[in-house]
Amino acid sequence: MDEIFEYLEEIAYMNPKVIKIRLKNMFRLSDKQVEKIYSKWKKEFMKCKHKEITKSD
1 MDEIFEYLEE IAYMNPKVIK IRLKNMFRLS DKQVEKIYSK WKKEFMKCKH
51 KEITKSD
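What follows is the structure, given as structure tokens:
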């Protein structure tokens with residue numbers, strides 16, 4: 001899972017559709033798995049970004 005999250009950090013700037021397609025192809029995941037992983041990562045990513053923004057203010 002860490003490997004997937006690291007990869008997601010690298011491609012975070014991309015369109016969500018593209019991110020999901022790349023995840024599915026690179027790690028050979030089902031659509032359902034991709035959705036679960038993406039939503040979990042997005043929540044964590046947003047928490048971290050929010051913390052970074054509030055620290056810099």
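Following the UniProt record's numbering, the numbering of the sequence shown begins with 1 at its first residue and continues without gaps.
Note that CB positions come from ideal geometry on N, CA and C, so glycine has one too.
Values in this document were obtained by computation on a predicted structure and should not be read as measured data.
The alpha carbon of phenylalanine 5 has as its nearest neighbour, out of Ser30, Trp41 and Lys47, the alpha carbon of Trp41. The DSSP-derived three-state label of isoleucine 37 is helix. Linking methionine 1 to phenylalanine 27 through their CA atoms gives a straight-line distance of about 10 Å.
Annotated three-state conformation of tyrosine 7 is helix, per DSSP.
Using a 10 angstroms sphere on the CB of isoleucine 37, the tally of other CB atoms reaches 16 or more, which defines it as buried.
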